[in-house]
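Protein chains: 4
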Amino acid sequence: MIFLIIGNYLVAQNLNVVKEPEVFPDQPRREIRMPQLEGYVIIKGDFHLHTVFSDGSVWPTVRVQEAWRDGLDAIAISDHVEYRPKREFLSGSLNQVHQIALPEAEKYGIILVKSAEITRRMPPGHLNALFLNDIDELDTESWQEALEAARKQGAFIFWNHPGWQAQQPDTCIWFDEHEKLMKQDLIHGVEVYNFDEWYPVALNWCREKNLAFIANSDIHEPVPYMPGYSNYFRPMTLVIAREKTEQAMKEAMFNRQTVAFFAGKLAGPQLWLEKMFYASVGVGKPFNIKPDGSASITLSNLTDIPITLKNDQGKTFQLEALSAVVIPVANLSQPTELPFIITNFFTGTEENLRVNLQLNMP
Amino acid sequence: MIFLIIGNYLVAQNLNVVKEPEVFPDQPRREIRMPQLEGYVIIKGDFHLHTVFSDGSVWPTVRVQEAWRDGLDAIAISDHVEYRPKREFLSGSLNQVHQIALPEAEKYGIILVKSAEITRRMPPGHLNALFLNDIDELDTESWQEALEAARKQGAFIFWNHPGWQAQQPDTCIWFDEHEKLMKQDLIHGVEVYNFDEWYPVALNWCREKNLAFIANSDIHEPVPYMPGYSNYFRPMTLVIAREKTEQAMKEAMFNRQTVAFFAGKLAGPQLWLEKMFYASVGVGKPFNIKPDGSASITLSNLTDIPITLKNDQGKTFQLEALSAVVIPVANLSQPTELPFIITNFFTGTEENLRVNLQLNMP
Amino acid sequence: MIFLIIGNYLVAQNLNVVKEPEVFPDQPRREIRMPQLEGYVIIKGDFHLHTVFSDGSVWPTVRVQEAWRDGLDAIAISDHVEYRPKREFLSGSLNQVHQIALPEAEKYGIILVKSAEITRRMPPGHLNALFLNDIDELDTESWQEALEAARKQGAFIFWNHPGWQAQQPDTCIWFDEHEKLMKQDLIHGVEVYNFDEWYPVALNWCREKNLAFIANSDIHEPVPYMPGYSNYFRPMTLVIAREKTEQAMKEAMFNRQTVAFFAGKLAGPQLWLEKMFYASVGVGKPFNIKPDGSASITLSNLTDIPITLKNDQGKTFQLEALSAVVIPVANLSQPTELPFIITNFFTGTEENLRVNLQLNMP
Amino acid sequence: MIFLIIGNYLVAQNLNVVKEPEVFPDQPRREIRMPQLEGYVIIKGDFHLHTVFSDGSVWPTVRVQEAWRDGLDAIAISDHVEYRPKREFLSGSLNQVHQIALPEAEKYGIILVKSAEITRRMPPGHLNALFLNDIDELDTESWQEALEAARKQGAFIFWNHPGWQAQQPDTCIWFDEHEKLMKQDLIHGVEVYNFDEWYPVALNWCREKNLAFIANSDIHEPVPYMPGYSNYFRPMTLVIAREKTEQAMKEAMFNRQTVAFFAGKLAGPQLWLEKMFYASVGVGKPFNIKPDGSASITLSNLTDIPITLKNDQGKTFQLEALSAVVIPVANLSQPTELPFIITNFFTGTEENLRVNLQLNMP
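Sequence order for the protein chains is A, B, C and D.
Just so we're aligned, residue 3 is where the first sequence starts under the numbering used here, counting upward by one.
Just so we're aligned, residue 3 is where the second sequence starts under the numbering used here, counting upward by one.
Just so we're aligned, residue 3 is where the third sequence starts under the numbering used here, counting upward by one.
Just so we're aligned, residue 3 is where the fourth sequence starts under the numbering used here, counting upward by one.
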């Protein structure tokens, strides 16, 4: 035995084995605070992930563990149907991937959506099909057949990284093929953000064509090696559903009740951004009231979504996650609304959410 | 003009003056998430602070700015009445301190309590008097007179750092003088934590003598130089009040509705720790249910108070701030309560809060 | 006594007083790694600081403690001669400031330079005078007299924040008055960086007029509240001196042997930037050599100065502090030099350091 | 095009694709600063790693990329010969693992040692064999044969996690079988640290039986998910070699020129710990000299190895990586040596390095 004094502790140490350096939490999860929307839950999902079964570098169970740690509720592992560079070592049906990961998902209570990536030349490029039964049926000659096979299984289908330079070197074009697919109900959403890039033009597509706003990591390596991982949450799709089940999530996605959350920004339909904004921001009572009617108010943000407000004089207030700012009010006796543009909440390519904060009179 | 390409941005830079490195938030505040208690607000206070007017090293306004940044709602600047080593440079009434800091407090909406530290030999040692009108009246010959003068002004009085080694070298004794003061209604609380140390025996004093549990920073330097500042929040006293006003806070303190929060621990009355626990922990539905009735549940913590749970097999689960853990349930058909000891919530010197988590049946 | 099991430790806890949470270093200092220059030491200085004696908010000793913690070797406390808003509380000679801080400086081995800020309308604006004997003599009617009084005491004088918007709203102009002062040997350097902004045009002034490149914090509040403090070191002036003494530092400053280090950038004379670059970057042996002569090399940086290299194809490599990158070599049989522009090392307003890395043949 | 003003930048944004959030370093590596030992290089190695080919969860190339990022120079991927739970998916020779990872190792200049883990019941438990040619030959009936096959290939063999609770529930015993193996030259080192635990008794084994001190991660998951990864470097074995090549490293290991580095501690032979200590600590000139001969000196540490010094009065000084502390000297006219025990440098189970710091007289 060794006896040590550490601080005011007398310590008797076991010389056979000593755990270092302290009790670690068993599988810690970082919860992501979302606003509470009356009647809804916000499901945090990443619907584009790869494993060693296609061109990723981790075993399927790792994707579940990472989702738990990162505070996600749902994932889709979407290995490439047509591109499997490790086939020499790992062959057989892609249905195996879901089977391997499922017990881990059940262990952590993560919704695991059976999925695959249809991987073709542009157009139409790469598309993810979610909520599948049998991935093998998507291994067809033509992409048209593959998408129809997916749809037949009830799949929710979205177009991945539409502006990816390897497939769209200079621009980010909506091809006639996509228009046709959309009319055939074979595209329901678009990734407006993928891995480390976003596609501003795609925001107007979602807005004008009524497609779901999607953001995903498309991660191939272990998640902590993503660029920006230590500064931001992993990109994710927020699904605004009636309850936290696979079925409710699927319905919400088909209803376009999704918001893309990436690199400190939100992009989605006006309706949902507005609800999320008002449920996120607390408005304090005016204080520091001066004879001329000017005063201050505190805005607080108890969610993990940062909010950048610009007032009508063009001044910007950065309301970080879990923080507060004091903002000036010119005159309390004026109409008691303060208009702001929320410059990190996007409803379209060049459109931001506009809000009017109600003053909470003293 | 210099034109640069940064990422995909074409940048035209003003050569006269360039702000580095980005737009910084204007006076950022770090909000501290507390549980929501029905009918109450939790006021976060630090009631023991020094400035250049006694033996501190910052101007009074700094204490207000620091409180804002650190997420506090209320402070007491409590310079020593009898010990003013910078008197050669800074003399005059200690009432000046409050006067200097008040406009800054009004600017940020911080409750600033006029206060002072009565600084005497042990017994009775050092005591803080809060909610004063005139500090000069406390500058008396005897400590008895000073305390009576404070009480006459309606002060809430607590004993500071009772186990401070300079005054109690080996032990932490409750002197007869304290007993007498308590009976005269001249002590209402005890600092169970001060700066970087706590006094376990003092927890039983508070519990048995019905005194308020108090934790403070007693900071003399700028706050970021406190030991442990980057790992923990500053020590603070949580006052559970009807509303966030000085008056409501004072009433709550006289009612002993306080909880000490320090170094990842809570210490306070059973009633309030229990309310805080149940309002902090979310219990998910059982999942991963096995034929033998065993299952898992997720506990989540959406507050900034870490929670360490020990179950009846002695296994410990660390539920960090803003995180979740999965815990096992032996048998869902058994009585649907899970007993835990909360080893970082103290109701007495050697007593921890005990709770029974209600299972949320599927 | 309480006995606890923490990990594999049996712990007997003193109930009177417990230090939290662990042994803290006594006044920790964060060393800043600088390159080793043959025959020189690099003195890290911040020569523009305020205290409660003018418009700052901390006691003079705090500036010394902060310098120690932040890894600095030398400071100048430079309170405003003409602007003392707390004069009602703190009056008397500014020479007192040096006297108060000196014992603390001796305790930590920090070089404390007696200094003051001459604070006038533009032109000539604000100027710092370092290495003074008697600050009171600078309290004159005209700025010309003040500067001459400083120079008579042997002062090193530099122009502060030349592009500060309050004094130069739209531009950053070198006035005739500055030209005249320079010719009278009454200006020896210019702050190219102050607090949170830099003045690109001032880099050419230093380069063309042979003035010292200076960067300072100009901090009024406690240093940790500077914008960007958690991302960058405090802005500082690197003085390249024969030894770490006040005398050697003064000589080096008059010889213009200074480099400004701010927000991840260096600005200074070509000669010194070049020496610093080559002493910072380690070049590994070529490896991964292919039949066509292409290969890889590792560049490593064991200093705290980040380095951004752009090669002749325009590709950028970010060589962070204390890190390494692999860079490609097109053909090992070609002339064995690799040219780079160091885009964060500035020798002038629009000029960056250019280097040729010697290959270390296998 | 969108035009934005960000700070003082006028920004023209490409709406097709925008990279977020900034230029990221291409494969950043975190260099670990080691002391410079005259005539030697310190090779940082982790010689116990798993992949999907046994019970790990990542592809072999990931282990190389992680080594690069974590500042290592050498690794051994040591999948279990006898335990391959994913054999249903991944079968065939373990020699494939080395073949898959080698091109990645060449790309980054990482020394990749062909290795395997011989995985048997206790005694002798699990042993790693490094520097193999053909792993298949180790797949034998008896462990004696397996170890002899390894040795025939010139392997360096060490015993893994000797106090692992699954194999040594209460104690950490050196069995007769180990004694015999050692005499047959079939064990050359012992893991004194594995994953998150260390075995103090094993330090005396290494010291008394002349075995190499080894520390490894034994990681199965992606490395960032190791406990303590954000607080400490990954555990590693420092090999003190003549040059950074596989051959020189192998010779050094057979010469027992290794030091285990784990959880802020070093364990190794007195000789090498001493050399590392003196090459790590800089001793400044005495300053703050008082009439009674007392003074202060600064100790600085420019390496990434923290150092805890205890002086002969029992006072402890924590000299963190890349930092400095001021320590008192009682009397400069006394013998100018300061004795210290280095409480985090272990030469045996209960023995720490003792040093005498030479004063650097003024």
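We put the CB at the ideal spot given by N, CA and C, even for glycine.
Per-residue contacts from Trp372(C) into chain B (C-beta, under 9 Å): It is not possible to answer for residue 372(C), since the shown part of chain C is limited to 3 through 364.
9 Å is my cut-off, CB to CB: does Thr239(A) come that close to chain D? The count along the first sequence starts at 1 and reaches residue 239(A) at position 237. So, not an interface residue.
Looking only at its chain, what residues have a beta carbon closer than 7 Å to the beta carbon of Glu352(B), apart from the 5 residues adjacent to it on each side? In the second sequence, the residue the question calls residue 352(B) occupies position 350. Around Glu352(B): no qualifying Cβ.
Apart from the five residues just before and just after Pro237(D), which ones in its own chain have a Cβ nearer than 8 Å to its Cβ? Within the fourth sequence, residue 237(D) is the residue found at index 235, counting from 1. So the list reads Asp48, Tyr195, Asn196, Phe197, Ala217, Asn218, Ser219, Ala262, Phe263, Phe264 and Ala265, once near-sequence residues are dropped.
Inspect the beta-carbon positions of Leu324(C) and Arg35(C) and report whether they are closer than 9 Å. Residue numbering aside, residue 324(C) sits at position 322 when the third sequence is read from its first letter. Residue numbering aside, residue 35(C) sits at position 33 when the third sequence is read from its first letter. It is a contact, given that the beta carbons lie within the stated cut-off.
Check each residue of the region 188 to 203 of chain A: if its Cβ is closer than 8 Å to any Cβ of chain D, include it; give the result in chain order. Tyr195, Asp198, Glu199, Trp200, Tyr201, Pro202 and Val203
Please list, in chain order, the chain C residues whose beta carbon lies closer than 7 Å to that of Asn97(B). Translated into the one-based positions of the second sequence, residue 97(B) becomes position 95. Those do not exist, as Asn97(B) stays about 13 Å from chain C at its closest Cβ, beyond 7 Å.
With a cut-off of 9 Å, does the C-beta of Asp220(B) fall near any C-beta of chain C? Start at 1 with the first residue of the second sequence, and residue 220(B) comes out as number 218. Not closer than 9 Å to any Cβ of chain C, the Cβ of Asp220(B) fails to qualify, so no.
Contact belief for Phe160(D) with Leu129(D) at Cβ below 8 Å, rounded distance in angstroms: What you label residue 160(D) is simply residue 158 of the fourth sequence in a count that begins at 1. What you label residue 129(D) is simply residue 127 of the fourth sequence in a count that begins at 1. At roughly 7 Å, the Cβ-Cβ gap stays under 8 Å, so Phe160(D) and Leu129(D) are in contact.
Consult DSSP for Phe5(B) and reduce its assignment to one of helix, strand or coil. What you label residue 5(B) is simply residue 3 of the second sequence in a count that begins at 1. The pLDDT assigned to Phe5(B) is 39, lower than 50, so where the model puts this residue is not dependable; a value taken from the coordinates is nonetheless given after this. In this structure, Phe5(B) counts as strand in the three-state DSSP scheme.
Could you tell me whether the Cβ atoms of Lys287(D) and Met363(D) are closer together than 9 Å? Stepping through the fourth sequence from its first residue, residue 287(D) is reached at position 285. Stepping through the fourth sequence from its first residue, residue 363(D) is reached at position 361. In contact: Lys287(D) and Met363(D) (Cβ atoms closer than 9 Å).
Pull the bridge partners of Glu353(A) from the DSSP assignment, please. The count along the first sequence starts at 1 and reaches residue 353(A) at position 351. Beta-bridge pairing links Glu353(A) to Gly350(A).
Can at least three beta-carbon pairs, one atom from the region 52 to 62 of chain B and one from the region 77 to 87 of chain B, be found at a separation below 8 Å? yes
Along the chain, where does the alpha helix (DSSP H) that runs through Ser117(C) open and close? The count along the third sequence starts at 1 and reaches residue 117(C) at position 115. It is not in any alpha helix (DSSP H) - Ser117(C) instead sits in the beta strand (DSSP E) that spans Ile113 to Thr121.
Hey, how far is the Cα of Ala332(C) from the Cα of Pro226(D)? Here the question's residue 332(C) lines up with position 330 in the third sequence. Here the question's residue 226(D) lines up with position 224 in the fourth sequence. Answer to the nearest angstrom: the Cα atoms are 34 Å apart.
Compute the Euclidean distance between the alpha carbons of Val357(B) and Ile343(B), then round it to the nearest angstrom. Within the second sequence, the letter at position 355 stands for residue 357(B). Within the second sequence, the letter at position 341 stands for residue 343(B). For Val357(B) and Ile343(B), the distance between alpha carbons rounds to 6 Å.
Can you list, in chain order, the residues of the region 257 to 289 of chain C whose Cβ is nearer than 9 Å to any Cβ on chain B? Phe264, Ala265, Gly266 and Lys267
So, under 8 Å CB-CB, Ala131(A) and Ala152(A) are touching, yes? Tell me the CB distance rounded to an integer number of Å. On the first sequence, residue 131(A) is found 129 positions in, with the first residue counted as 1. On the first sequence, residue 152(A) is found 150 positions in, with the first residue counted as 1. About 4 Å; that satisfies the 8 Å criterion.
Indicate whether Phe348(D) and Ala269(D) have their beta-carbon atoms separated by less than 9 Å. Against the fourth sequence, residue 348(D) aligns to sequence position 346. Against the fourth sequence, residue 269(D) aligns to sequence position 267. Cβ atoms of Phe348(D) and Ala269(D): closer than 9 Å.
Taking C-beta pairs closer than 7 Å, name the residues in chain A that Glu68(B) reaches, listed in chain order. Numbered from its first residue, the second sequence carries residue 68(B) at position 66. None at all; the shortest Cβ gap to chain A is about 15 Å.
Three-way DSSP call (helix, strand, coil) for Glu193(B) in this model: Taking the second sequence and counting its residues from 1, one reaches residue 193(B) at position 191. In this structure, Glu193(B) counts as strand in the three-state DSSP scheme.
Which residues in the same chain have their Cβ closer than 8 Å to the Cβ of Asp138(D), if we skip the five residues on either side of it in sequence? As a working mapping, residue 138(D) is identified with position 136 in the fourth sequence. Excluding positions up to five away in sequence, the list reads Ser95, Leu96 and Asn97.
Helix, strand or coil at Asn218(B) according to DSSP, with G and I counted as helix: Looking up residue 218(B) in the second sequence gives position 216. Three-state result, Asn218(B): strand.
In whole angstroms, what separates the C-alpha of Cys174(A) from that of Gln146(A)? Here residue 174(A) refers to the residue found at position 172 of the first sequence. Here residue 146(A) refers to the residue found at position 144 of the first sequence. For Cys174(A) and Gln146(A), the distance between alpha carbons rounds to 21 Å.
Distance, Cα to Cα, Pro337(D) vs Gln360(D)? As a working note, residue 337(D) is residue 335 in the fourth sequence. As a working note, residue 360(D) is residue 358 in the fourth sequence. In a straight line, the C-alpha of Pro337(D) is about 9 Å away from that of Gln360(D).
Measuring CA to CA, which of Pro171(C), Ala157(C) and Pro126(C) is closest to Ala78(C)? For this step, residue 78(C) is matched to residue 76 along the third sequence. Cα-wise, what sits closest to Ala78(C) is Ala157(C).
Straight-line CA distance for Val66(D) to Tyr110(D)? Taking the first residue of the fourth sequence as 1, we reach residue 66(D) at position 64. Taking the first residue of the fourth sequence as 1, we reach residue 110(D) at position 108. Each residue's alpha carbon lies about 8 Å from the other.
Check whether chain A comes within 9 Å of Tyr85(D), counting only Cβ atoms and requiring the distance to be less than that. Residue mapping note: residue 85(D) aligns to position 83 of the fourth sequence, counting from 1. No, Tyr85(D) lies away from the interface with chain A (no Cβ there is under 9 Å from its Cβ).
Using a 10 Å radius around the Cβ and a threshold of 16 neighbouring Cβ atoms, would you call Lys386(C) buried or exposed? Since the displayed chain C opens at 3 and closes at 364, residue 386(C) lies outside it and no answer follows.
List the residues of chain C that Gln167(B) touches, going by C-beta distances under 8 Å, in chain order. Counted from its first residue, the second sequence places residue 167(B) at position 165. Those within 8 Å of Gln167(B) in chain C are Val19.
Skipping 5 residues on each side, what residues in its chain have a beta carbon closer than 8 Å to that of Pro224(A)? On the first sequence, residue 224(A) is found 222 positions in, with the first residue counted as 1. Cβ neighbours of Pro224(A) beyond the five flanking positions: Ser59, Val60, Val64 and Glu68.
Where Ala118(C) and Val283(C) are concerned, what is the direct C-alpha to C-alpha distance, given to the nearest angstrom? Along the third sequence, one-based indexing puts residue 118(C) at 116. Along the third sequence, one-based indexing puts residue 283(C) at 281. If I take the Cα positions, the gap works out to 38 Å.
Do the CB positions of Val115(D) and Gly165(D) come within less than 9 Å of each other? Counting from 1 along the fourth sequence, the entry for residue 115(D) is found at position 113. Counting from 1 along the fourth sequence, the entry for residue 165(D) is found at position 163. No; because the gap between Cβ atoms is not below 9 Å, this pair is not in contact.
Can you list, in chain order, the residues of the region 290 to 309 of chain B whose Cβ is nearer than 8 Å to any Cβ on chain A? Asn290, Ser298, Thr300, Ser302, Asn303 and Leu304
Contained beta strand (DSSP E) runs [length at least 3] in the region 279 to 306 of chain A, N- to C-terminal order: 283 to 285 and 297 to 303
Compile a chain-ordered list of the residues in the region 102 to 126 of chain C whose CB is closer than 7 Å to at least one CB of chain D. Glu108, Lys109, Tyr110 and Gly111
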